[in-house]
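Participant: Residue numbers (the working numbering): 1 to 139.
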Amino acid sequence: DHRDLHSFPTRRSSDLGPACSVLLYRFVRGALSNIYRHANAQHIWIKSTYDSGRLGLLVLDDGIGFDPDKIEQFIGQGHYFFHDIYIRAQQLGGELTIQSEPQKGSKLSITIPIPQENSQSRVRKANRPIVKVYKSRHR
Numbered sequence: 001d002h003r004d005l006h007s008f009p010t011r012r013s014s015d016l017g018p019a020c021s022v023l024l025y026r027f028v029r030g031a032l033s034n035i036y037r038h039a040n041a042q043h044i045w046i047k048s049t050y051d052s053g054r055l056g057l058l059v060l061d062d063g064i065g066f067d068p069d070k071i072e073q074f075i076g077q078g079h080y081f082f083h084d085i086y087i088r089a090q091q092l093g094g095e096l097t098i099q100s101e102p103q104k105g106s107k108l109s110i111t112i113p114i115p116q117e118n119s120q121s122r123v124r125k126a127n128r129p130i131v132k133v134y135k136s137r138h139r
């Protein structure tokens, strides 16, 4: 449920290091691009989580969904988003999770360990999505 309560550090992206920052940026950019081009979604939710030294990003949509078993086929057709994000997440000790079903939308999440130098970081509580994007059908 997108109304869950989440906590996350109020750190600058530079605190994460360049590899983590780039991975998170590419994950969100790629997920939004795929939703825009393929999902025919009306709503997109982006959520951030932080738990036990792991930062997570979750992108949900209410689009047409897809069969995750076809990801290898997508890669074979030149769509490398899932492959690239998976490899980069693994290199940083992270994890990519993909959940989708045809006609039921998609849920993509990534979690990565983040540096713990500043254990006194302020934590912000949020009870709503970080971003909610409304799209019109333009096709």
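Just so you know, even glycine gets a beta-carbon here, dropped at the ideal spot from N, CA and C. A quick note: this is a predicted structure, and the numbers were derived from the prediction, not measured.
State the DSSP-derived secondary structure class of Glu-72, mapped to helix, strand or coil.
Facilitator: Indexing the sequence shown from 1 puts residue 72 at position 72. Helix, per DSSP.
Participant: Name the DSSP bridge partner or partners of Lys-104?
Facilitator: As a first step, residue 104 is located in the sequence shown; it is residue number 104 there, counting from the start. DSSP lists no partner for Lys-104.
Participant: Out of Ile-110, Leu-57, Gln-103, which has the shortest C-alpha to C-alpha gap to Ala-41?
Facilitator: As a position in the sequence shown, residue 41 is number 41, starting the count at 1. Cα-wise, what sits closest to Ala-41 is Gln-103.
Participant: Can we say the segment 57-66 touches the segment 16-31, given the rule of at least three CB pairs closer than 8 Å?
Facilitator: Yes: the two stretches touch, three or more of their Cβ pairs being nearer than 8 Å.
Participant: Output the distance between the C-alpha atoms of Trp-45 and Leu-16, rounded to the nearest integer angstrom.
Facilitator: Position 45 of the sequence shown, counted from the start, is the residue given in the question as residue 45. Position 16 of the sequence shown, counted from the start, is the residue given in the question as residue 16. Rounded to whole angstroms, Trp-45 to Leu-16 spans 23 Å at the Cα level.
Participant: Using a Cβ-Cβ cut-off of 6 Å (strictly less than) and excluding sequence neighbours within five positions of Leu-32, which residues of its own chain qualify?
Facilitator: As a working mapping, residue 32 is identified with position 32 in the sequence shown. Closer than 6 Å at Cβ, skipping near neighbours: no residue.
Participant: Use the C-beta contact count for Ala-19: other C-beta atoms within 10 angstroms, 16 or more gives buried, fewer gives exposed.
Facilitator: By one-based count along the sequence shown, residue 19 stands at place 19. With fewer than 16 other Cβ atoms within 10 Å, it is exposed.
Participant: For His-138, collect the residues of the same chain with a Cβ closer than 6 Å to its Cβ; drop the 5 residues on either side in sequence, then sort them by chain order.
Facilitator: As a first step, residue 138 must be located in the sequence shown, where it is residue number 138. Unreliable positioning characterises His-138 in this predicted model, as indicated by a pLDDT of 44, which lies under 50. A coordinate reading is not provided.
Participant: In terms of residues, what are the limits of the beta strand (DSSP E) holding Gly-56?
Facilitator: The count along the sequence shown starts at 1 and reaches residue 56 at position 56. Element bounds for Gly-56: 54-61.
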